[in-house]
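Visitor:
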Amino acid sequence: MKIITAIFAIFLAAPALGQTIVDGQKKYDSGDYNGAAAAFSKALVDEPRNPALHYDLGNAWFKAGKLGPAIASYQRAFDIRPRDPDIRYNLNFALKRAGEELRPDGTPPALFYLFTILSERELAGLHWLFCAAMLLLGCVLVLRPQRREDLFPFLASAVLLWAGAGLWWGSRNALEPEDRGVIVKSTAELRSGPGENFGVSFTAPEGRRVQILSRSGGWLEIGITKEGAKGWLPSEAVEKI
Amino acid sequence: MMPALLWLMSSFLGLAHAQLSISADVDKTAVALNDQIVLGVTVTGPEASLPDPEIPAMPNFSIYSSGRNQNITFVNGRVSSSITFTYVLEPRALGRGVIPPITLTYKGQQAHTNPIEIQVFKPGAPVPAQQRGPAPVSAQIQQAPAPTPTPSPGPGRAPPQVKRAVINGSPVFVQAQVDKKSAYVNEQITLTIRFCTAVSLLSAPQYNAPKTDGFLAEDLPPERHGSTDIGGRTYTFSEIKTALFPAQAGRLTVSPASVRVQMQQNVNVDPTAADFFERFMSGAFVNAITRDLNSEPVIVEAQALPADGKPKDFSGAVGAFRVSAAVDRSSVKVGDAVNLTVTISGTGNIKAIGDPQMPDLTNFRVYDTVTSLNLDRKDDKVQGSKVFKTVLVPRVSGDLAIPPVAFTYFDPEKKSYVKAESLPLTVKSAPSPGGPAVPAGNPVAGVVAPQGVTTVSEDIRYLQAGRARPISRFLEAVAGAGPLHAVPIFAFAFCLGLVQYRKLGSADPAGSRFRGAAKTASAKIGQSLKASDPGKAAGLMADALAKYLADKLAQPASGLTARRVADLLTNRMPPVDAALIERVKEMWDELDMRRFSPNAPGGGAPVADSLRELIDALEKELKR
């Protein structure tokens, strides 16, 4: 009975979700960007891994003048579907407003494109898929040792692909730490400690991507890679990606 | 500037590095003794702040300042300005008079105008036609009586007609007044310096303007002259007005203005004195004295502009202004230039007007703005306009809108910030047949790309629809499989274990049979239950028992008999319980009977259960 209810819920929810997205698009077209953002945010509750919705939400925030939330949304869309040219373009466009660029300085464009052509989740999926293929081929090889010569090329390929995907995934993880955020407050003041009683060390513009290093009370210690700066911000000034 | 420029004698000497120049002109070079000459001295240069010229001593003329007029022009960010100083000259003697060279000194360098020769004739005498300009207005005022306060506007002034000099009782004094004691920063305050005299002066008074530190000052020409009654006494007066704009909030002081005068002082004359005729001939009945007259300092409270409600685009303008915008052409082709002229006009410190807030003109290529300033001083108010000219080149075709141009100022009357806007404009832009054609000589020539894609404006891309691709979703699902990632690992481990197990079985076949005997028997018993023929079912059960005992006793199954089994069980070490051996024999016989006797009942579940119980009992007994 529960299964039947769940199936009905899915079928009933799908048109409602589509209508929410259409409402958001209509509001966007009419210039009601805050209304569009609300509609896209609502749709994302049901489809949190939909890159187009994150992208549309980023557009709505950008048009509403909220650069920080826009970059956070574009970044989420990019994390899910990094090959999409529109997502890349808009994320880079917004990042330039915050004094940053999607491609790090000095990185050849082609290399950066290839390095980020797959999302981290896709790389993880490939890693586990090649791992499974390698082990299953290993099972066959163990159970049918007489077919070793036939199976060896496949097994070797699976091992290489597994190792390659693992290295790629690992390096992406190392360069893009899990705990990331975007400054959503205009000209955020970063202090030397977690409280107003600590002095302001430097300021950072809205939309700058940061790494969240630690937490203390309602404060976050963040690091800005580009400038090599580190400081504390109230947690509401940072939107976690 | 001049009513008629009859004669021009100027020196235009550029100061080499500073590019400043000075010129002088007069409205006429022949004048009656009771007439006036207007002298204009113009200093031009590439700076907003220009030095004042040095006016030399002119013994043949009385000279009065009649104000100054400055024009500043901004072109492509470069400033050029000119100041014209106006002086009124009154001849003192008949005959030939000369205006000496006027000097301009700047950073150690000097420039001079050429001397200007003036011919002075008797009043009423015919002035040569070629040297006579229009009669100045002051001539008529000079002849008219002034019984009551009758200030006479214009550059002319009436000479004093008082016959006696009175030193005591303030026959001469200087006043300084402002029209308001409190004003906002950058709001106009009118300072009036009035010099009054009830006595005749022996020479032209020397005026020193007050210091106006903390203010931006603008002269308000012309100098006014007239007469007035003060305490029943007739005074002639001269007035100089200056517009002051407080540059900062706080208590600001206008220092005293001073006037140096030479007056006559009567001395007692004794006709019987021995030196009477000597003094008479030398004119020593009158003594000349010099007096320095000072006005009182004036204090003004300058208020800061309110911080509440101050718009972000407010640039400091205070007064009353309006904005207008116009284009020189309303219909053009793509690539053609349109001149957008934005004019901010009104009353206030025009020089302090900042650039207006230009609208977003993404459909146009926008070029440098040229700024010019027009100052006027009507009704003692500094007013005028600042004009911003911008060249726009349409990038695309269609009806291109130029949104209103906004300008924010502070209105001291309303005590609030006001946003003035021009009317929106529309330019019809037709497609250019040969691409963006730029007219020759146009400042934008060569800037517009002749071919290819031209970026009009940069913006984010439009919305998307759809979901992640299936392959992407599949990979994400694999990545999110969690514990299922261990399945291939366990499978591989199982395979390895299985192979190892098989290896063990092949190395010890008897042991393998011994360990698997019960399982094999159980499987056969299960098969017997599914058999429809009772005899066949009993046969399967008999095979199960025989195979079990053969595996346990390491004997071949074929040819094994009940007796042989009993012997083996009995002789086994440790020996099997006799009762159990008996049960084995009974079961063996039972199954044989059911198997081969046509009338015997089949196997059935009860027999199968009994056989299982027997095998379980043997399992416990036949441990290695």
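So the protein sequences, as listed, match chains A and B.
Heads up: the first sequence at position 136 corresponds to 136 in the working numbering, and the numbers run straight through without jumps.
Count along the second sequence starting at 1, add 241, and that's the number in the working numbering.
Glycine included, every Cβ here is placed at the ideal spot set by N, Cα and C.
(1) Starting from HIS466 (chain B), follow the beta strand (DSSP E) in both directions and report where the run begins and ends.
(2) By Cβ distance below 7 angstroms, which residues in the same chain neighbour ASP420 (chain B) in space, the five residues on each side in sequence not counted?
(3) Report the three-state DSSP secondary structure of TYR742 (chain B) (helix, strand or coil).
(4) If distances are taken between C-alpha atoms only, which option among B:VAL339, B:SER290, B:ARG435 and B:ASN812 comes closest to ILE278 (chain B)?
(5) Am I right that CYS131 (chain A) and TRP162 (chain A) are in contact with their C-beta atoms under 8 angstroms? What's the rounded C-beta distance?
(6) Can you find a CB in chain A that lies within less than 8 angstroms of the CB of PRO877 (chain B)?
(7) For ILE7 (chain A), which residues in the same chain have their Cβ closer than 6 angstroms to its Cβ, ignoring the five residues on either side in sequence?
(8) Measure the Cβ-Cβ separation of PHE436 (chain B) and PRO451 (chain B) and say whether it is below 8 angstroms.
(9) To which residues of the same chain is LYS240 (chain A) closer than 6 angstroms at the C-beta, ignoring the five residues directly before and after it?
(10) Pull out every residue of the stretch 132 to 162 of chain A whose Cβ sits closer than 7 angstroms to any Cβ of chain B, in chain order.
(11) Can at least three beta-carbon pairs, one atom from the stretch 656 to 670 of chain B and one from the stretch 347 to 358 of chain B, be found at a separation below 8 angstroms?
(12) In the DSSP assignment, find the unbroken alpha helix (DSSP H) run with ASN92 (chain A) in it and report its ends.
(13) Buried or exposed: GLU358 (chain B), going by 16 or more other Cβ atoms within 10 Å of its Cβ?
(14) Closest by CA to PHE555 (chain B), which one among B:ARG570, B:LYS777 and B:PHE648?
(15) With contact counted as at least three CB pairs below 8 angstroms, one residue from each stretch, are the stretch 191 to 209 of chain A and the stretch 93 to 106 of chain A in contact?
(16) Under 8 angstroms: do the stretch 482 to 490 of chain B and the stretch 562 to 577 of chain B share three or more Cβ pairs, one atom per stretch?
(17) Would you tell me roughly how many angstroms separate the C-alpha atoms of GLY576 (chain B) and ARG636 (chain B), rounded to the nearest one?
(18) Quick one: which unbroken alpha helix (DSSP H) runs of 4-plus residues sit fully inside the stretch 764 to 833 of chain B? Chain order, please.
(19) So SER264 (chain B) is in the beta strand (DSSP E); what residue range does that whole segment cover?
(20) Should the stretch 49 to 57 of chain A be regarded as contacting the stretch 71 to 84 of chain A, the criterion being three or more beta carbon pairs within less than 8 angstroms?
(21) Between which two residues does the beta strand (DSSP E) carrying GLU480 (chain B) extend?
(22) Mind pulling the chain B residues with CB within less than 9 angstroms of ALA52 (chain A)?
(23) Assuming ILE224 (chain A) is part of the alpha helix (DSSP H), what are its boundary residues?
(24) Taking beta-carbon pairs under 7 angstroms, can you tell me which members of the stretch 727 to 738 of chain B lie near chain A?
(25) Tell whether a beta-carbon distance below 8 angstroms holds between ALA798 (chain B) and ALA787 (chain B).
(26) Is there at least one Cβ from chain B nearer than 8 angstroms to GLU122 (chain A)'s Cβ?
(27) Check TYR703 (chain B) in the structure and name its three-state DSSP category.
(28) Give a yes or no on whether 8 angstroms exceeds the smallest Cβ distance from ARG49 (chain A) to chain B.
(29) Please report how far the alpha carbon of GLY164 (chain A) lies from the alpha carbon of LYS66 (chain A), in whole angstroms.
(30) Quick one: grab the DSSP three-state call for LEU123 (chain A).
(31) Buried or exposed: GLN381 (chain B), going by 16 or more other Cβ atoms within 10 Å of its Cβ?
(32) Determine whether the beta carbon atoms of ILE343 (chain B) and THR327 (chain B) lie at a separation below 8 angstroms.
(33) Using the rule of at least 16 other Cβ atoms within 10 Å of the residue's Cβ for burial, across every protein chain shown, is GLN705 (chain B) buried or exposed?
(34) Mind checking GLU331 (chain B): buried by the 16 CB within 10 Å criterion, or exposed?
(35) Find out if the Cβ-Cβ distance for the pair LEU233 (chain A), LEU220 (chain A) is shorter than 8 angstroms.
(36) How about the stretch 802 to 820 of chain B and the stretch 769 to 784 of chain B: do they share at least three Cβ pairs that are nearer than 8 angstroms?
Guide: Straight from the coordinates:
(1) The sequence position of residue 466 (chain B) within the second sequence is 225, counting from 1. Here the beta strand (DSSP E) through HIS466 (chain B) covers 456 to 471.
(2) Locating residue 420 (chain B) in the second sequence gives position 179, counting from the first residue. Contacts found: ILE430 and THR431.
(3) On the second sequence, residue 742 (chain B) is found 501 positions in, with the first residue counted as 1. Helix.
(4) Position 37 of the second sequence, counting from 1, holds the residue named residue 278 (chain B). Out of B:VAL339, B:SER290, B:ARG435 and B:ASN812, B:VAL339 has the C-alpha closest to the C-alpha of ILE278 (chain B).
(5) Position 131 of the first sequence holds residue 131 (chain A). Position 162 of the first sequence holds residue 162 (chain A). About 5 angstroms separates the two Cβ atoms, so the contact holds.
(6) With chain B represented from 242 up to 865, any question about residue 877 (chain B) goes unanswered, as that position is not in the structure.
(7) Within the first sequence, the letter at position 7 stands for residue 7 (chain A). Low confidence applies here, because ILE7 (chain A) scores a pLDDT of 49, under 50, leaving its location unreliable; read the following figure in that light. If we look at ILE7 (chain A) and ignore the five residues flanking it on each side, it has no Cβ neighbours.
(8) As a position in the second sequence, residue 436 (chain B) is number 195, starting the count at 1. As a position in the second sequence, residue 451 (chain B) is number 210, starting the count at 1. No, these two residues do not count as a Cβ contact at 8 angstroms.
(9) Counted from its first residue, the first sequence places residue 240 (chain A) at position 240. If we look at LYS240 (chain A) and ignore the five residues flanking it on each side, its Cβ neighbours are GLY181.
(10) Flagged, chain order: ALA132, LEU135, LEU136, GLY138, CYS139, VAL142 and LEU143.
(11) no
(12) Position 92 of the first sequence, counted from the start, is the residue given in the question as residue 92 (chain A). Start and end: 85 to 97.
(13) Here residue 358 (chain B) refers to the residue found at position 117 of the second sequence. With fewer than 16 other Cβ atoms within 10 Å, it is exposed.
(14) For the purposes of this step, residue 555 (chain B) is taken as the residue at position 314 of the second sequence. Selected option, being the one with the closest Cα: B:PHE648.
(15) Flag = yes, the stretch 191 to 209 of chain A and the stretch 93 to 106 of chain A touch.
(16) no
(17) As a position in the second sequence, residue 576 (chain B) is number 335, starting the count at 1. As a position in the second sequence, residue 636 (chain B) is number 395, starting the count at 1. If you take the alpha carbons of GLY576 (chain B) and ARG636 (chain B), they lie about 6 angstroms apart.
(18) 775 to 794 and 803 to 812
(19) Residue 264 (chain B) sits at position 23 when you count from the first residue of the second sequence. First-last of the beta strand (DSSP E) with SER264 (chain B): 262 to 267.
(20) yes
(21) Counted from its first residue, the second sequence places residue 480 (chain B) at position 239. Residues 474 to 487.
(22) Against the first sequence, residue 52 (chain A) aligns to sequence position 52. Going along chain B in sequence order, the residues near ALA52 (chain A) (Cβ under 9 angstroms) are LEU704, GLN705, ALA706, GLY707, ARG708 and ALA709.
(23) Residue numbering aside, residue 224 (chain A) sits at position 224 when the first sequence is read from its first letter. That residue, ILE224 (chain A), is in no alpha helix (DSSP H); its beta strand (DSSP E) goes 219 to 224.
(24) PRO729, ILE730, ALA732, PHE733, CYS736 and LEU737
(25) Stepping through the second sequence from its first residue, residue 798 (chain B) is reached at position 557. Stepping through the second sequence from its first residue, residue 787 (chain B) is reached at position 546. A distance below 8 angstroms separates the beta carbons of ALA798 (chain B) and ALA787 (chain B).
(26) As a position in the first sequence, residue 122 (chain A) is number 122, starting the count at 1. It does; some Cβ of chain B falls within 8 angstroms.
(27) Numbered from 1 along the second sequence, position 462 holds the residue referred to as residue 703 (chain B). TYR703 (chain B) falls in the coil class under three-state DSSP.
(28) In the first sequence, residue 49 (chain A) corresponds to position 49, counting from 1. So yes, ARG49 (chain A) belongs to the interface.
(29) Taking the first sequence and counting its residues from 1, one reaches residue 164 (chain A) at position 164. Taking the first sequence and counting its residues from 1, one reaches residue 66 (chain A) at position 66. Approximately 40 angstroms between the Cα atoms of the pair.
(30) The residue given as residue 123 (chain A) occupies position 123 in the first sequence. Correct three-state label for LEU123 (chain A): helix.
(31) For this step, residue 381 (chain B) is matched to residue 140 along the second sequence. Interpretation of GLN381 (chain B) is limited by its pLDDT of 28, a score under 50 that renders its predicted location unreliable; no figure is taken from the coordinates.
(32) Start at 1 with the first residue of the second sequence, and residue 343 (chain B) comes out as number 102. Start at 1 with the first residue of the second sequence, and residue 327 (chain B) comes out as number 86. Result no, Cβ atoms of ILE343 (chain B) and THR327 (chain B) do not sit closer than 8 angstroms.
(33) By 1-based counting over the second sequence, the position of residue 705 (chain B) is 464. In the assembly as shown, GLN705 (chain B) is a buried residue. Its beta-carbon has 16 or more other beta-carbons within 10 Å.
(34) For the purposes of this step, residue 331 (chain B) is taken as the residue at position 90 of the second sequence. That one is buried.
(35) For this step, residue 233 (chain A) is matched to residue 233 along the first sequence. For this step, residue 220 (chain A) is matched to residue 220 along the first sequence. Yes, Cβ-Cβ distance for LEU233 (chain A) and LEU220 (chain A) is below 8 angstroms.
(36) no
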